[in-house]
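Report on the structure given below.
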Amino acid sequence: MTPPPILAALRKHKAGVFLIGLQIALTLAIVCNIVFIVGQKVERIQRPTGLVESDLFMISQNYIGAPTGHDPASVEKLDAMQLTDLGVLRALPDVQYATPINTLPLLRNVDMTGVSLKPGQAHAMTQANLFTGDQQLLSTLGLKLIAGRDFSRADVRHRVVGQKPEPPVVIVSRALADKLFPHTGAVGQPVYLNRNTAPSTIVGVVARILTANADGGDAYAYDAVLLPVRTDDASTMYAVRAKPGRMRQAMRDARTALFKVDPMRVIPSGGRYEPEGIRTFAQVRVWGYALDGLMVKILTVICMILLLVTGVGMAGLTSFWVNQRRKQIGIRRALGATRRNILHYFQIENLIIAGGGCVVGVVLAVGINLMLLRMFQMDRMPLWYVIAGIVVILLLGQLAVFMPARRAASVPPVVATRSV
3 MTPPPILAAL RKHKAGVFLI GLQIALTLAI VCNIVFIVGQ KVERIQRPTG LVESDLFMIS
63 QNYIGAPTGH DPASVEKLDA MQLTDLGVLR ALPDVQYATP INTLPLLRNV DMTGVSLKPG
123 QAHAMTQANL FTGDQQLLST LGLKLIAGRD FSRADVRHRV VGQKPEPPVV IVSRALADKL
183 FPHTGAVGQP VYLNRNTAPS TIVGVVARIL TANADGGDAY AYDAVLLPVR TDDASTMYAV
243 RAKPGRMRQA MRDARTALFK VDPMRVIPSG GRYEPEGIRT FAQVRVWGYA LDGLMVKILT
303 VICMILLLVT GVGMAGLTSF WVNQRRKQIG IRRALGATRR NILHYFQIEN LIIAGGGCVV
363 GVVLAVGINL MLLRMFQMDR MPLWYVIAGI VVILLLGQLA VFMPARRAAS VPPVVATRSV
């Protein structure tokens, strides 16, 4: 069956053709953008953190009755309490390393700092994620040192919470090093943090460490500065690396040992809306990407529902037309049309409707993407998403029309003519 007679038949069903074509167009536009958003979310969830995540856990706890002042005596007492905790943790038989931390990748406890190449600049050259720890920071997190040296015990300072850090040495990530010094090596170069007038010398470069902001964009995701600093506060966090395969035992021993040192401390037991005080990094990752994971599931369900409804709509419309055209089908069969001719007629008819809907859908898909780009600073959707969407819609249309068309092709000429 050639297209002109099919087009003539479609003109008799303008309302049905318009509605199903509009449904196809909207489905294509929405599904393409949903798949693109889901792809971005999945790509974000799969970003490497730069850590060796296995056998790594963290401890978040609060001292009860600890000094609250910023006077030297209070600060030194808090630091002594923290050093005692670290000594106890490092002495556990199933623990390899332990370090105080201010945050971890994906922890959502974001600490940022401005980085400049000149002292006292009012506007920083760039922003970077700030991670603090002591001489065991890199070993505990499993960061890969690609240039320079690690922190030594002599490098480590301590500060009261809220105090602007002025460490003499820092380690930076490769992403930040490439931004600051694209043509020279970063090791040995001075940088200035938070408009400091005193320089901090870069002594090492790590391959990567991901931001604590799981929802943040990619512009600063791997830009990081590591400081050899302990923060003295009544609320402290530790990162602990257990010996291979011994993490669960190390976590139990850590809780027992810390309470033995100070029974008055508080380590959250966790709940539905609050993470546990002692948790694996795998749990940190789950909490960090909880919203992204939920959005992926919701959008995937919406996408499947749209495709299902569109497929059912095309199948239903074809079935309706088959019932309407039983006499016409019978006459064509009586005039020599084969079952294949009848089947191809409805397949081509569906292809024309779906193709027209896809043309409009492409325009809508691009328009929606441009709107999202302006409103939410999303990336531009690659063309192959639209092409793949067109292929899926056309295949869906052919699958949806196959059974009704096959049923039409199987009607004997005599039955078709007598049924009217």
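Going from the sequence shown to this note's numbering is simple: count from 1 and add 2. Even for Gly, the Cβ is constructed at its ideal location relative to N, Cα and C.
Cβ-based burial, residue i [other Cβ within 10 Å; buried from 16]
i	result
G67	exposed
V364	buried
E351	buried
Q165	exposed
F322	exposed
D57	buried
P167	buried
A402	buried
I395	buried
I22	buried
T233	buried
Q63	buried
P230	buried
M239	buried
F261	exposed
S154	exposed
P406	buried
T186	exposed
V19	buried
M383	buried
V422	In this prediction, V422 scores a pLDDT of 47, lower than 50, which makes its location untrustworthy; the coordinate-derived value is nonetheless stated afterwards. Exposed, because fewer than 16 other Cβ atoms sit within 10 Å of the Cβ of V422.
L228	buried
N131	buried
S2	Only positions 3 to 422 of the chain appear in the structure, and residue 2 is not among them; the question remains open.
H72	exposed
M249	buried
I393	Residue identity check: residue 393 is Val in the sequence provided, not Ile. Its Cβ having fewer than 16 others within 10 Å, V393 is exposed.
L375	exposed
A100	buried
Proximity winner among the options, relative to residue i (alpha-carbon distances)
i	options	result
Q129	L21, S175, R267	S175
A214	G18, D113, A27, F283	D113
A356	I47, M239, T320	T320
L108	A410, V286, A390, N371	V286
L385	L372, Q379, L397, M377	L372
S412	H346, D96, D87	H346
I148	H125, A188, Q138, V158	A188
D220	Q251, M405, R46, L28	R46
A252	L28, Q84, V97	V97
V388	L375, I370, P277, F404	I370
E78	L375, V40, V163	V163
Q349	I392, M377, L398	L398
E133	T105, L145, G315, F378	Checking the displayed sequence, the identity of residue 133 turns out to be Phe instead of Glu. Per the Cα distances, T105.
Y222	A179, N198, S237	A179
A216	Q400, Q48, A390	Q48
Y224	W289, P277, A209, D235	A209
G135	L24, P102, L145, T282	P102
L202	D157, K245, P184, R161	Note that residue 202 corresponds to Ser in the displayed sequence, not to Leu. Closest option to S202, Cα to Cα, is D157.
N111	V324, T142, M380, P277	P277
T142	V207, D81, F59	F59
A1	G273, D264, R409, L353	Any question about residue 1 goes unanswered here, given that the chain covers just 3 to 422.
R342	M380, R151, I280, R409	R409
L293	Q25, A17, V40	V40
A1	F283, A124, I304, V207	Look at the range of the chain in this structure, 3 to 422, and you will see that residue 1 is not part of it.
G247	A259, T258, T282, A226	T282
Where the beta strand (DSSP E) containing residue i begins and where it ends
i	result
Q319	The identity of residue 319 in the sequence shown is Leu, whereas the question assumes Gln. Here L319 belongs to no beta strand (DSSP E); instead the alpha helix (DSSP H) covers 292-326.
S62	58-64
V117	114-118
V97	97-103
T282	280-282
Terminal residues of the alpha helix (DSSP H) in which residue i lies
i	result
Q42	16-47
R342	341-378
M1	Given a span of 3 to 422 for the chain in the structure shown, any question on residue 1 remains unanswerable.
R267	Here R267 belongs to no alpha helix (DSSP H), and DSSP marks it neither H nor E.
G89	74-93
Within-8 Å CB hit, residue i to chain C
i	result
V263	The chain labelled as chain C is not found in the depicted structure, where only one protein chain is given.
| request: List in chain order: all unbroken beta strand (DSSP E) runs of 3+ residues lying wholly within the stretch 182-254. | output: As far as the stretch 182-254 is concerned, its whole beta strand (DSSP E) runs of at least 3 residues are 192-195, 202-208, 226-234, 237-244.
| said: To test your reading of the DSSP string, which unbroken alpha helix (DSSP H) runs of 4 or more residues are found completely within the stretch 127-184? | reply: List check, alpha helix (DSSP H) in window: 139-143, 176-182.
| task | Take every Cβ of the stretch 162-172, pair it with every Cβ of the stretch 267-280, and state whether three or more of those distances are shorter than 8 Å. | result | The stretch 162-172 makes no contact with the stretch 267-280; the number of CB pairs closer than 8 Å stays below 3.
| message | Whether or not the stretch 303-321 and the stretch 25-44 are in contact is what I'm after, with contact meaning three or more pairs of Cβ atoms, one per stretch, closer than 8 Å; do they touch? | response | The stretch 25-44, when compared against the stretch 303-321, does touch it at the 8 Å Cβ threshold.
| field | Touch test, the stretch 187-202 against the stretch 115-123, Cβ-Cβ under 8 Å, three pairs minimum | value | The stretch 187-202 is in contact with the stretch 115-123.
| said: When you compare the stretch 68-88 with the stretch 292-299, are there three or more beta-carbon pairs, one atom per stretch, that lie closer than 8 Å? | reply: The stretch 68-88 vs the stretch 292-299: no contact.
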